[in-house]
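> Take a look at this one; I'll ask things after.
Residue numbers (this note's numbering), protein chains in the order written: chain S, 13 to 323; chain Z, 14 to 369.
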């Protein structure tokens, strides 16, 4: 476990919007590491800052404090042009709404190839067309779709185009920002299967952002739970589901819809109230409660958590 | 059982006229909705869930029309015909619909941001509905507005009814939409994917609110969704819809623990909740059929790897499994070979036995 290569290292990241009097801190001191080849899940409610973290990593949103290290190199703030080109091509993003993220006025071949016009300028027309064809085939679309417009496709097919667009850059790290929330149940399964197939074939690393823990359980290796810009718990998927430690994680898990009418009708909803923590004298710290399972808590809470774990 | 039918759909056929071509959106649908139950209609997008329900409140798009069939509504207790059925399918004029829409049957739409008017305060939008149907004025009207807001769990209603939609969060906005819907005390509430745009935690709260209102106001709820987790939470009965017709109807437990139609199997097994990590998730091959063409036999047969020969030739009738559970598949015929449901489905069943 210890010898795994760290691909992305986020240290004490802060992202703030606005300035001075109207400053709003969306992400507050977040640190985590993503290992090469894993799927790292980021879960939280809307407005918790999970998308902001994703956008900060691919340099869309400027950071106000902290470091983001990609393969040991700092990629936030001002960096050299060569590194910028490298980061932009190696880190790609898949967006939430396939209806909104594709250019309505461009044909599929341009949408998919757009990235290569900037980074692979030496390509000839036919070479570029071949690249587009290959990446379309890889996501399970037909090569002749290249001459069509996005509106001719269904939601699932559009999301595949979005994935093809990121694959053509030969990325190593993909940020998937709620890629399946806007899709139908039956299509969700197809897109999830495609993503895990690509991961196996190309050794991709994913940062998977979602609000639905049930999907996370299926796809992620490790999960971080984020609330109001602060990560409150981080653990391997099965550990998190077996012993959720932070009250916010417990509340999220209790709200999960299960496909079982009997347990669903009798379930009790836990509500997370931030006032339940008494942090006036005892400040919360990032603590490792069991190996590989981190939680944000103070000393009194840690005692209770260790007691829970011992049972 | 003394269940009173409140809405009865009989052999309904709805078609759309699209540039001269005819699209057959609803094909021979029959269902009874009982008073006080919550019925969930499940299916992929484009299978006709919303079109069916738009018929109940006369909101069908202009190019759509009811070709044949009846929609009988039994809830009307006006002076004209107490307890008598009205055929909603025969309604043509807007004036007729005003008696039903809002007052008797109400609808909640998917996205709360698009169904509220951003230029009007929340209070005036609720007041509009109450004034139209209950003829209240002045202080009385204001009181009624505040009471409805409190009913849907919005705190500090006096101040909040002067605010605009953008000042509310997504969950709160959906509560406001529900408040407008229940303001006139309808008998049937149609919820068209009311929680898809919301977070899981908020979704759970809204479902809780709907359940609470249902028992408090004696509502009948028709719930349209593609999320089977939500169905398990709220529904008494489930109707699975595919390509414009119902393929399986049954009590919630029956459909989840003992599904019979291959399409229901496919829907259930494609859920990530039931998937095993590292293994491929089951996904339904192909796309729903083209409704411009006439469909021979079982509409799902083309996408069903285990389809029988007869599925392509003749449309199966409904077979009764229990008095409340029926499915439209030839697998239930006594001459049919025994086909085992997929592995995931058996897992749900085992789970049931473990719990007793």
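Idealized CB from N, CA, C, for every residue including glycine.
1. At a CB-CB cut-off below 7 Å, which residues of chain Z make contact with residue 273/S?
2. In three-state DSSP terms, what is residue 121/S?
3. Using a Cβ-Cβ distance cut-off of 9 Å, determine whether residue 134/Z contacts chain S.
4. Using beta carbons (cut-off 9 Å, strictly below), is residue 51/Z in contact with chain S?
5. Could you tell me whether any non-hydrogen atom of the ligand GDP is closer than 8 Å to the CB of residue 19/S?
6. Report yes if the CB atom of residue 20/Z is closer than 9 Å to the CB atom of residue 39/Z, and no otherwise.
7. So with Cβ pairs under 9 Å, would you call residue 269/S a contact of chain Z?
8. Please state the DSSP three-state secondary structure of residue 291/S.
9. So if DSSP puts residue 27/Z in a beta bridge, which residue, or which two residues, is it bridged to?
10. Where DSSP assigns a beta bridge to residue 263/Z, which residues make up the other side?
11. Do residue 214/Z and residue 194/S have their C-beta atoms within less than 9 Å of each other?
12. Around the Cβ of residue 128/Z, are there at least 16 other Cβ atoms within 10 angstroms (buried) or fewer (exposed)?
13. Find out if the Cβ-Cβ distance for the pair residue 178/S, residue 51/S is shorter than 9 Å.
14. Across the stretch 182-201 of chain Z and the stretch 162-170 of chain Z, are there enough close Cβ pairs to call them in contact, namely three or more that are closer than 8 Å?
15. Between residue 116/S and residue 162/S, which are expected to be in contact by the criterion C-beta below 8 Å, what is the C-beta distance as a whole number of angstroms?
16. Does residue 235/S come out as helix, strand or coil in the three-state DSSP assignment?
17. Buried or exposed for residue 130/S, please, with buried defined as at least 16 other CB atoms from any protein chain shown within 10 angstroms of its CB.
18. Expressed to the nearest angstrom, what Euclidean distance is found between the alpha-carbon atoms of residue 347/Z and residue 268/Z?
19. Using a cut-off of 8 Å between C-beta atoms, extract the partners of residue 264/S located in chain A.
20. Rounded to whole angstroms, how far is the Cβ of residue 257/Z from the Cβ of residue 60/Z, which I believe are closer than 8 Å?
21. Between residue 304/Z and chain S, is any beta-carbon pair separated by less than 9 Å?
22. Report the neighbours of residue 286/Z on chain S: residues whose CB is nearer than 7 Å to its CB, in chain order.
23. Could you say which of 281/S, 196/S and 20/S lies nearest to residue 85/S if we only look at CA atoms?
24. Against chain S, does residue 201/Z count as a neighbour if the rule is that its beta carbon must be under 9 Å from one of theirs?
25. Using only the alpha-carbon positions, how far apart do residue 111/Z and residue 266/Z sit?
26. Taking the C-alpha atoms as reference points, what is the distance between residue 102/Z and residue 89/Z?
27. Determine the chain S residues that contact residue 297/Z at a beta-carbon separation under 7 Å, and present them in chain order.
28. What residues match up with residue 197/Z in a beta bridge as DSSP calls it?
29. Mind pulling the chain Z residues with CB within less than 7 Å of residue 202/S?
30. By the 10 Å Cβ neighbour count, where 16 or more other Cβ atoms means buried, how is residue 247/Z classified, buried or exposed?
31. Look at the alpha carbon of residue 312/S and the alpha carbon of residue 42/S, and state the distance between them as a whole number of angstroms.
32. Look up residue 309/S in the DSSP assignment and give the residues it is bridged to.
33. Which residue's Cα is closest to the Cα of residue 69/S: 237/S, 27/S, 37/S and 48/S?
34. Please report whether the beta-carbon of residue 218/Z lies at a distance below 9 Å from any beta-carbon of chain S.
35. Measuring alpha carbon to alpha carbon, tell me which residue in 248/S, 258/S, 230/S and 182/S is nearest residue 100/S.
36. If you draw a straight line from the alpha carbon of residue 65/S to that of residue 90/S, how long is it in whole angstroms?
In this structure, then:
1. For the purposes of this step, residue 273/S is taken as residue 261 along the first chain, with counting starting at 1. Per Cβ cutoff of 7 Å: 245, 265, 266 and 269.
2. For the purposes of this step, residue 121/S is identified with residue 109 of the first chain, where counting begins at 1. In the structure shown, residue 121/S sits in a helix (DSSP, three-state: H, G or I).
3. As a first step, residue 134/Z is located in the second chain; it is residue number 121 there, counting from the start. Judged by the 9 Å Cβ criterion, residue 134/Z is not in contact with chain S.
4. The residue you call residue 51/Z lines up with position 38 of the second chain. Not closer than 9 Å to any Cβ of chain S, the Cβ of residue 51/Z fails to qualify, so no.
5. In terms of ligand content, the structure shown is empty, and the ligand GDP therefore cannot be addressed.
6. In the second chain, the residue the question calls residue 20/Z occupies position 7. In the second chain, the residue the question calls residue 39/Z occupies position 26. Their beta carbons are not under 9 Å apart, which means residue 20/Z does not touch residue 39/Z by this criterion.
7. Against the first chain, residue 269/S aligns to sequence position 257. Judged by the 9 Å Cβ criterion, residue 269/S is in contact with chain Z.
8. Walking along the first chain from the start, residue 291/S turns up at place 279. The answer is coil: DSSP assigns residue 291/S none of H, G, I, E or B.
9. The residue labelled residue 27/Z in the question sits at position 14 within the second chain. Beta-bridge pairing links residue 27/Z to 39/Z and 79/Z.
10. Within the second chain, residue 263/Z is the residue found at index 250, counting from 1. Answer is 251/Z.
11. Here the question's residue 214/Z lines up with position 201 in the second chain. Here the question's residue 194/S lines up with position 182 in the first chain. No.
12. Position 115 of the second chain, counted from the first residue, corresponds to residue 128/Z. Result: buried.
13. Here residue 178/S is taken as the residue at index 166 of the first chain, counted from 1. Here residue 51/S is taken as the residue at index 39 of the first chain, counted from 1. Against a cut-off of 9 Å, the Cβ pair of residue 51/S and residue 178/S comes out as no contact.
14. yes
15. Counting from one through the first chain, the residue named residue 116/S turns up at place 104. Counting from one through the first chain, the residue named residue 162/S turns up at place 150. Their Cβ separation, rounded to whole angstroms, is 6 Å, which keeps residue 116/S and residue 162/S in contact under 8 Å.
16. Reading the first chain from its first residue, position 223 is the one you call residue 235/S. It is a strand residue.
17. Residue numbering aside, residue 130/S sits at position 118 when the first chain is read from its first letter. Counting Cβ neighbours within 10 Å, residue 130/S comes out exposed, since fewer than 16 surround it.
18. The residue you call residue 347/Z lines up with position 334 of the second chain. The residue you call residue 268/Z lines up with position 255 of the second chain. Distance between the alpha carbons of residue 347/Z and residue 268/Z: 20 Å.
19. Among the protein chains of the structure shown, namely S and Z, there is no chain A.
20. For the purposes of this step, residue 257/Z is taken as the residue at position 244 of the second chain. For the purposes of this step, residue 60/Z is taken as the residue at position 47 of the second chain. Indeed they touch by this definition, with Cβ atoms about 7 Å apart.
21. Position 291 of the second chain, counting from 1, holds the residue named residue 304/Z. Answer no: the Cβ-Cβ gap between residue 304/Z and chain S never drops below 9 Å.
22. To locate residue 286/Z, count along the second chain from 1; it is residue 273. Those are 226, 270 and 271, listed as they occur along chain S.
23. To locate residue 85/S, count along the first chain from 1; it is residue 73. Nearest C-alpha to residue 85/S: 20/S.
24. One-based indexing of the second chain puts residue 201/Z at position 188. Taking Cβ atoms only, chain S never reaches closer than 9 Å to residue 201/Z, which makes this a no.
25. Residue mapping note: residue 111/Z aligns to position 98 of the second chain, counting from 1. Residue mapping note: residue 266/Z aligns to position 253 of the second chain, counting from 1. Going by the C-alpha atoms only, they are around 37 Å apart.
26. Along the second chain, read from residue 1 onward, the residue named residue 102/Z stands at position 89. Along the second chain, read from residue 1 onward, the residue named residue 89/Z stands at position 76. Spanning the two alpha carbons is a distance of roughly 15 Å.
27. Taking the first residue of the second chain as 1, we reach residue 297/Z at position 284. Within 7 Å Cβ-Cβ: 198.
28. As a working mapping, residue 197/Z is identified with position 184 in the second chain. Answer is none; residue 197/Z lacks a bridge partner.
29. Mapped onto the first chain, residue 202/S falls at position 190. Within chain Z, the residues near residue 202/S are 296.
30. As a first step, residue 247/Z is located in the second chain; it is residue number 234 there, counting from the start. Looking at its Cβ environment, which holds 16 or more other Cβ atoms inside 10 Å, residue 247/Z is buried.
31. The residue labelled residue 312/S in the question sits at position 300 within the first chain. The residue labelled residue 42/S in the question sits at position 30 within the first chain. For residue 312/S and residue 42/S, the distance between alpha carbons rounds to 23 Å.
32. What you label residue 309/S is simply residue 297 of the first chain in a count that begins at 1. BP columns for residue 309/S point to 297/S.
33. Here the question's residue 69/S lines up with position 57 in the first chain. Residue 69/S has its Cα closest to that of 27/S, out of 237/S, 27/S, 37/S and 48/S.
34. Start at 1 with the first residue of the second chain, and residue 218/Z comes out as number 205. For residue 218/Z, the answer is yes, since a Cβ of chain S falls inside 9 Å of its Cβ.
35. Numbered from 1 along the first chain, position 88 holds the residue referred to as residue 100/S. Nearest of 248/S, 258/S, 230/S and 182/S to residue 100/S, Cα basis: 182/S.
36. Reading the first chain from its first residue, position 53 is the one you call residue 65/S. Reading the first chain from its first residue, position 78 is the one you call residue 90/S. Roughly 18 Å between the two C-alpha positions.
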